[in-house]
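Counting from 1, one number per residue, gives the positions in the sequence shown under my numbering.
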Amino acid sequence: MVNPLWLKTFITLVEQKHFTRTAALLHMTQPGVSQHIRKLEDYYQVTLINRNEKGFELTQEGEKVLRFARELVVSEEQLKESLRKDNPYEGVCRLSSPGALAMRLYPQLCVIQQQYPELLMQFEVAPNHRIVSELLSNTIEIGLITHQTEEPELITRPIDQEQLLLVVPARYREAGYSDLCQLGVIMHPDASHHISSVLRANYAQFQHLSEFPVKGAVNQINLILEPVAAGNGFTVLPESIVNAFPRQLDISILNMTTAVYETIYLTNKRHRPVASRYSLIISRLFKD
Numbered sequence: 001m002v003n004p005l006w007l008k009t010f011i012t013l014v015e016q017k018h019f020t021r022t023a024a025l026l027h028m029t030q031p032g033v034s035q036h037i038r039k040l041e042d043y044y045q046v047t048l049i050n051r052n053e054k055g056f057e058l059t060q061e062g063e064k065v066l067r068f069a070r071e072l073v074v075s076e077e078q079l080k081e082s083l084r085k086d087n088p089y090e091g092v093c094r095l096s097s098p099g100a101l102a103m104r105l106y107p108q109l110c111v112i113q114q115q116y117p118e119l120l121m122q123f124e125v126a127p128n129h130r131i132v133s134e135l136l137s138n139t140i141e142i143g144l145i146t147h148q149t150e151e152p153e154l155i156t157r158p159i160d161q162e163q164l165l166l167v168v169p170a171r172y173r174e175a176g177y178s179d180l181c182q183l184g185v186i187m188h189p190d191a192s193h194h195i196s197s198v199l200r201a202n203y204a205q206f207q208h209l210s211e212f213p214v215k216g217a218v219n220q221i222n223l224i225l226e227p228v229a230a231g232n233g234f235t236v237l238p239e240s241i242v243n244a245f246p247r248q249l250d251i252s253i254l255n256m257t258t259a260v261y262e263t264i265y266l267t268n269k270r271h272r273p274v275a276s277r278y279s280l281i282i283s284r285l286f287k288d
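Right, here's the structure in full:
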């Protein structure tokens, strides 16, 4: 790559139209200025200036190199300005969350982008372990996860919580432990953690999820309650997912003695500063 100092000397020489003034302005000697021009000519293998009694004239090749040099200076200034500027209302926003949380958050992200069109949302739905991996590889900037990680390179802090609800078919207004055992479970990606957390807090006889027959399994978050509504089993899901289910008359939420909440953790790289636009997004997503 061409030495940028030679280009700077060349631009200054053209603007000053005089070797001595150029040398004084750049705190160089006149032979030093001439040497930079010669090195630039050697690099491009062309003649940049034709000397005459009054000074010099640019060649056609010199005009081309001058345009390139000035464009390079402008590009560098723009880069420096963009690095200094941290505008919370513009830039690419790379973040991720698990599926259940995504159904709650992504519509809000769309509203934020509508309000601030210069923010570009790049949102990925992923399980907790993949979010951690993508944070470590700098694929995303922030992650919203539902299991705290002990990864030392990441900062993880609780930011919100959401109640977990035990959902049964509509014909059940109340159900004891034996009823649930007979009914069986509908599994989903977070079912083991969700169901075990709620049953352990509310039923002393609960030992392990394997006590319950599996009556179905779904990995699409918006379909998990379909088999429950059809009467095939019960499951546990975050409140926002249950409330979003369109067939509310076909399901029932059992009242629990002890409410159980799932904690949402905000996670980012420990030694990688987060741009101000992410603070704006998080404050809007969890403003309540």
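Each residue gets a CB set at the ideal place from its N, CA and C atoms; glycine is no exception.
Assumed close pair residue i, residue j - CB separation to whole angstroms, cut-off 8 Å
i: Met103; j: Ser197; result: Incorrect: roughly 20 Å between the Cβ atoms, too far for contact.
i: Leu48; j: Phe10; result: 7 Å
i: Val218; j: Ile186; result: 7 Å
i: Ile159; j: His188; result: Between His188 and Ile159 the Cβ distance is about 23 Å, and since that is not below 8 Å, they are no contact.
i: Gln205; j: Tyr177; result: 6 Å
i: Arg284; j: Gln108; result: 7 Å
i: Gln16; j: Leu25; result: 6 Å
Residue(s) in a DSSP beta bridge with residue i
i: Asp190; result: Its beta-bridge partners do not exist; DSSP assigns none.
i: Ile11; result: Partner(s): none; Ile11 has no beta bridge.
i: Thr258; result: In the DSSP output, where bridge partners are listed per residue, Thr258 has none listed.
i: Pro238; result: Leu164
i: Pro4; result: Its beta-bridge partners do not exist; DSSP assigns none.
i: Gly143; result: Ser96 and Thr267
i: Leu154; result: Lys269
For residue i, three-class secondary structure by DSSP
i: Thr149; result: coil
i: Ala217; result: strand
i: Lys287; result: coil
i: Asn243; result: helix
i: Asp250; result: helix
i: Asn268; result: strand
i: Arg171; result: coil
i: Val185; result: strand
i: Pro227; result: helix
Option nearest residue i by Cα separation, candidates the options
i: Gly91; options: Val46, Glu134, Glu141 and Met1; result: Glu141
i: Gly99; options: Phe212, Arg270, Ile131 and Val111; result: Ile131
i: Leu7; options: Lys39, Ala229, Lys17 and Leu25; result: Lys39
i: Glu262; options: Leu101, Ile186 and Phe286; result: Leu101
i: Leu166; options: Met121, Thr258, Pro88 and Tyr89; result: Thr258
i: Gln161; options: Asn202, Tyr265, Leu66 and Lys54; result: Tyr265
i: Val260; options: Asn232, Arg200, Pro246 and Ser276; result: Arg200
i: Asn202; options: Ala175, Val228 and Val214; result: Ala175
i: Ile155; options: Lys269, Leu180 and Pro4; result: Lys269
i: Asn255; options: Arg247, Thr139, Ala191 and Val236; result: Val236
i: Glu63; options: Ile251, Ile224, Asn52 and Leu13; result: Leu13
i: Glu150; options: Leu249, Asn128 and Ala170; result: Asn128
i: Arg247; options: Pro238, Glu226 and Gly143; result: Glu226
i: Leu183; options: Asn222, Ala204, Phe234 and Ala170; result: Phe234
i: Leu222; options: Leu26, Val2, Pro238 and Leu79; result: The sequence shown places Asn at residue 222, rather than the Leu named in the question. For the residues Leu26, Val2, Pro238 and Leu79, the minimum Cα distance to Asn222 belongs to Pro238.
i: Glu124; options: Gln115, Glu134 and Tyr116; result: Glu134
i: Gln45; options: Thr59, Glu53 and Gly32; result: Thr59
i: Phe56; options: Glu71, Pro4, Ile37 and Arg70; result: Ile37
i: Ser137; options: Ser276, Glu211, Val242 and Arg272; result: Arg272
i: Leu144; options: Gln113, Glu153 and Ala126; result: Ala126
i: Gly231; options: Thr29, Arg94, Gln220 and Gly216; result: Gly216
i: Ala170; options: Ser192, Gln113 and Val228; result: Val228
i: Leu280; options: Asp86, Phe68 and Met1; result: Asp86
i: Phe148; options: Val168, Thr267, Tyr89 and Arg21; result: Reading the sequence as shown, one finds Gln at residue 148 and not Phe. Nearest of Val168, Thr267, Tyr89 and Arg21 to Gln148, Cα basis: Thr267.
i: Arg157; options: Leu164, Thr146 and Gln163; result: Thr146
Short CB-CB distance (under 9 Å) between residue i and chain D
i: Ile11; result: Absence of chain D from the displayed structure is noted, only one protein chain being present.
beta-carbon residue i near the ligand MG non-hydrogen atom, thresh 8 Å
i: Leu183; result: This structure lacks the ligand MG; in fact it carries no ligand of any kind.
- Task: With a floor of 3 residues, list each beta strand (DSSP E) that falls wholly inside the region 92-141, ordered by position along the chain.
- Result: 119-125
- Query: What residue ranges within the region 13-100 form continuous alpha helix (DSSP H) runs of no fewer than 4 residues, ordered along the chain?
  - Reply: 19-25, 30-44 and 60-84
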